[in-house]
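Residue numbers (the numbering used here): 6 to 114.
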């Protein structure tokens, strides 16, 4: 990205891809919303974690070629982290929503 997002992160410069769990809970949806917000603020480009998890060659290669990868998981099950590990990817920044004090529930309001 040409400019920083002003959020204090280290996303300035280079190609930053943002991946998020969008799992079936409030925590997964919060992770998804956080990724959207980071994209909107210019911190990077929200990218498809499911495509990487599905082993889609072009998506995996795009993830590999990113200068930085931000990964947001909803809960400690860590589906996003497991997806990255299976593809040999590492996140430069990793956040788990429930570790921020948000309780995981199966409700979306």
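Positions of the beta carbon are idealized from the N, C-alpha and C atoms, including for glycine.
Per-residue burial, residue 73 [other beta carbons within 10 Å of its own, 16 or more giving buried]
One-based indexing of the chain shown puts residue 73 at position 68. The residue in question, residue 73, is buried, as its Cβ has 16 or more Cβ neighbours within 10 Å.
Rounded Cβ spacing between residue 75 and residue 68 (contact assumed at less than 8 angstroms):
Mapped onto the chain shown, residue 75 falls at position 70. Mapped onto the chain shown, residue 68 falls at position 63. With 8 angstroms as the limit, residue 75 and residue 68 do not qualify as a contact, their Cβ atoms being about 11 angstroms apart.
Looking at the strands, I want to know which residues DSSP matches up with residue 73.
Within the chain shown, the letter at position 68 stands for residue 73. DSSP output for residue 73 lists 21 as bridge partner(s).
So does the stretch 85-97 actually touch the stretch 38-45, counting three or more Cβ pairs closer than 8 angstroms?
no
Cα separation between residue 21 and residue 47?
Position 16 of the chain shown, counted from the start, is the residue given in the question as residue 21. Position 42 of the chain shown, counted from the start, is the residue given in the question as residue 47. Roughly 10 angstroms between the two C-alpha positions.
Which of helix, strand or coil does DSSP assign to residue 51?
For this step, residue 51 is matched to residue 46 along the chain shown. Three-state result, residue 51: strand.
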